[in-house]
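Participant: Residues 1 to 320 (full-length UniProt numbering) are what the sequence shown spells out, left to right.
Think of the CB as a built atom: it goes at the ideal place given N, C-alpha and C, for glycine as much as any other residue.
Could you have a look at this structure, given as structure tokens, before my questions?
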Amino acid sequence: MTNEMLAQYANYALASAALVITMAMLCYAFYLSQAVPVRDQAEVEAKVPATVGGGEGDATAEGGAAPAAEPAETSARARKAAGIAGSMSWLGAFFLLVSFACRGFAVERFPLGNLFEFSVAGAFFAMATFAVAGLRRDLRWLGVFVTAFVVLLLMVASTAWYVEADEVVPSLKSYWLPIHVTVATLSVGIFVVGAIISALYLMSDRGVGSERFWRKLPPAATLEKLSYSLHIIGFPLWTFTLIAGAIWAREAWGAYWNWDPKEVWTFVIWTVYAAYLHARATKNTSRRTANWIAVAGFVCIVINYTVVNFYFIGQHSYAQ
């Protein structure tokens with residue numbers, strides 16, 4: 001039984017989320033284009049106005065003139081754009097959650113039964129990961145990259161992967177669906193943000209592109225540590241996904257392991273991320289090599305949820 005009105009509301013909320021997140025992306029892009037490079041800003045802040053006898057004065061600590069007004073105005077505009085983008089990021093995540101909830105109520109089940117629904121949930125968790133992490137540290141520089149990925153994901157999901165709200169196959173009608181797939185989606189959302197930061201680290205460490213652009217981002221070492229802090233959270237969640245999937249497979253198909261393509265690739269992903277964490281903890285392995293492994297893990301996730309789902313016949317696939 002499907003509530004067509006709620007299903008339509010879910011689509012409206014999804015369209016609203018895509019629009020709002022696109023606007024957030026543009027604001028973040030403006031912020032990054034106008035932002036003062038981090039090291040340049042540090043140099044400016046070091047030139048604190050010096051005074052004589054505690055009174056006010058215009059001389060700087062280095063005896064020069066006071067900074068010009070234009071850079072301050074540019075910085076203020078950039079901060080305002082970033083503030084708007086941050087609010088839109090939260091609003092976009094909220095619309096994604098509303099779309100997810102309306103879809104679930106429309107079909108009277110947990111809405112994680114197909115790739116379209118999984119993509120919407122994954123987009124929400126990616127936005128939520130970015131927004132929540134941004135509460136503890138300044139991640140405005142990261143916003144344009146995360147929102148661009150989410151917008152692309154929503155575009156593909158709404159066009160190539162969209163399916164009408166409907167019932168799921170009998171094997172998916174289990175209490176394991178909201179447990180196993182939700183944790184899998186959450187871990188993927190975290191891995192998305194971690195992979196973006198790893199890619200930025202690799203490019204920053206190699207000095208790809210304009211040096212001034214990379215000076216607007218944190219140092220490479222900071223990027224690497226931030227990426228690791230996300231992967232160290234996502235990996236246990238993916239481990240649970242693998243174990244819960246095996247238990248569910250035993251209940252649904254009679255065996256813990258059936259060599260289903262999705263099962264195999266879930267284990268491959270786990271192995272690659274385990275290799276990343278091992279490399280990260282090994283002194284003889286460079287941080288650069290470790291992050292290449294992390295990026296490879298995310299590539300495996302993309303393969304798992306696109307190529308494997310559509311082109312490999314299995315109990316999880318959407319191949320016809």
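#1: What ranges does the alpha helix (DSSP H) occupy inside the stretch 242 to 303, keeping only unbroken runs of at least 4 residues that lie completely in it?
#2: Would you mind listing the alpha helix (DSSP H) stretches within the stretch 148 to 236 that are 4+ residues and don't spill past its ends, in chain order?
#3: Out of 276, 127, 259, which has the shortest C-alpha to C-alpha gap to residue 88?
#4: Rounded to whole angstroms, what is the Cα-Cα separation between residue 242 and residue 97?
#5: Do you know whose CA, among 77, 21, 145, lies nearest residue 91's CA?
#6: If we call anything under 8 Å between Cβ atoms a contact, is residue 265 one with residue 303?
#7: If I follow the unbroken alpha helix (DSSP H) through residue 83, where does it start and stop?
#8: What do you reckon, are the CB atoms on residue 217 and residue 141 nearer than 8 Å?
#9: Would you identify the three-state DSSP class for residue 312, choosing helix, strand or coil?
#10: Give the straight-line distance between the Cα atoms of residue 290 and residue 235, rounded to the nearest whole angstrom.
#11: If you count every other CB in all the chains shown that lies within 10 Å of the CB of residue 135, and 16 or more means buried, which is it?
#12: Residue 166: which of 156, 117, 155 sits nearest, CA to CA?
#13: Mark residue 122 as exposed unless 16 or more other C-beta atoms lie within 10 angstroms of its C-beta, in which case mark it buried.
#14: Does the beta-carbon of residue 255 have 16 or more other beta-carbons within 10 angstroms, so that it is buried, or is it exposed?
#15: Nearest to residue 150 by alpha carbon, out of 247, 274, 237, 188?
#16: Distance check for residue 143 and residue 168, CA to CA, integer angstroms please.
#17: Run the CB neighbour count on residue 260, radius 10 Å, all protein chains shown included, and call it buried at 16 or more, exposed below.
Facilitator: Put simply:
#1: Fully enclosed alpha helix (DSSP H) runs of 4 or longer: 261 to 281, 287 to 303.
#2: Considered as a whole, the stretch 148 to 236 harbours 182 to 206, 211 to 214 as its complete alpha helix (DSSP H) runs of no fewer than 4 residues, in chain order.
#3: Nearest of 276, 127, 259 to residue 88, Cα basis: 127.
#4: So the alpha carbons of these two residues sit roughly 25 Å apart.
#5: Comparing Cα-Cα distances from residue 91 to each of 77, 21, 145, the minimum goes to 21.
#6: In this structure, residue 303 lies closer than 8 Å to residue 265 by Cβ.
#7: Going by DSSP, residue 83 is part of the alpha helix (DSSP H) stretching over 69 to 107.
#8: Yes, the pair counts as a contact, with Cβ atoms nearer than the cut-off.
#9: In the three-state DSSP reduction, residue 312 falls in the coil class, being neither helix nor strand.
#10: In a straight line, the C-alpha of residue 290 is about 15 Å away from that of residue 235.
#11: Around the CB of residue 135, fewer than 16 other CB atoms lie within 10 Å, so the residue is classed as exposed.
#12: Checked all of 156, 117, 155; the closest Cα to residue 166 is 117.
#13: In this structure residue 122 is buried. Its beta-carbon is surrounded by 16 or more other beta-carbon atoms within 10 angstroms.
#14: So residue 255 counts as exposed.
#15: Sorting 247, 274, 237, 188 by C-alpha distance to the C-alpha of residue 150 places 188 at the top.
#16: About 35 Å.
#17: With a 10 Å radius around the Cβ and a threshold of 16 neighbouring Cβ atoms, residue 260 comes out buried.
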